[in-house]
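In the numbering used here, the protein residues as written are 61 to 219. Have a look at the structure below, then the notes.
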């Protein structure tokens, strides 16, 4: 696991160290790799990456900015924002990817209440999709596993 994620999860003031419950954590901070200056990262986290802008603390912004300075980091906003990083060209192709998993592997989709409109539409397309074993809505926007770690870790097994 990436050191930054381990450090983030295990921070003395973080949710893991302040929880008396067993947690399962998955996902990561991919959003930080699409911008390479602190102001841009902060703006994105406060406008649409996190549902609650107050949770985009300076420590989080600093840790995401540090990612842009790592060896091999890439500046990819144009490709990301235009969809050129997407492995498919249509929603139908996207949904078909999940259909191909039917009976092969369980698929849990975590949709978020505060996602940007286009992202939410893609999540909604999976609500009844073939191959999706479980669809759960959690709080947050684009990175609920960071913003609402404890809720995301607990919600799927209790919904």
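All C-beta atoms, glycine included, are put in the ideal place defined by N, C-alpha and C. Computed from a predicted structure; not experimentally measured.
Report task. State the Cα-Cα distance for the pair residue 163 and residue 99, rounded to the nearest angstrom. Result -> Answer to the nearest angstrom: the Cα atoms are 45 Å apart.
Query raised in the report: Relative to the alpha-carbon of residue 175, which residue among 197, 190 and 120 has its alpha-carbon at the smallest distance?
Result: Comparing Cα positions, the closest option is 197.
Report task. Check whether the Cβ atoms of residue 109 and residue 209 sit closer than 7 Å, and answer yes or no. Result -> Note that the C-beta distance between residue 109 and residue 209 is not below 7 Å.
Query raised in the report: Going straight from the alpha carbon of residue 185 to that of residue 156, what length do you get?
Result: If you take the alpha carbons of residue 185 and residue 156, they lie about 11 Å apart.
Query raised in the report: With 16 as the cutoff for other CB atoms within 10 Å, does residue 114 come out buried or exposed?
Result: Of the other Cβ atoms in all chains shown, fewer than 16 fall within 10 Å of the Cβ of residue 114; this residue is therefore exposed.
Query raised in the report: Who does residue 197 pair with in a DSSP beta bridge?
Result: Beta-bridge analysis with DSSP links residue 197 to 171.
Requested in this report: Report yes if the CB atom of residue 167 is closer than 7 Å to the CB atom of residue 161, and no otherwise.
Outcome: Taking 7 Å as the Cβ cut-off, residue 167 and residue 161 qualify as a contacting pair.
Query raised in the report: Is the distance from the Cβ of residue 101 to the Cβ of residue 130 below 7 Å?
Result: Between residue 101 and residue 130, the C-beta gap is not smaller than 7 Å, which leaves the two residues out of contact.
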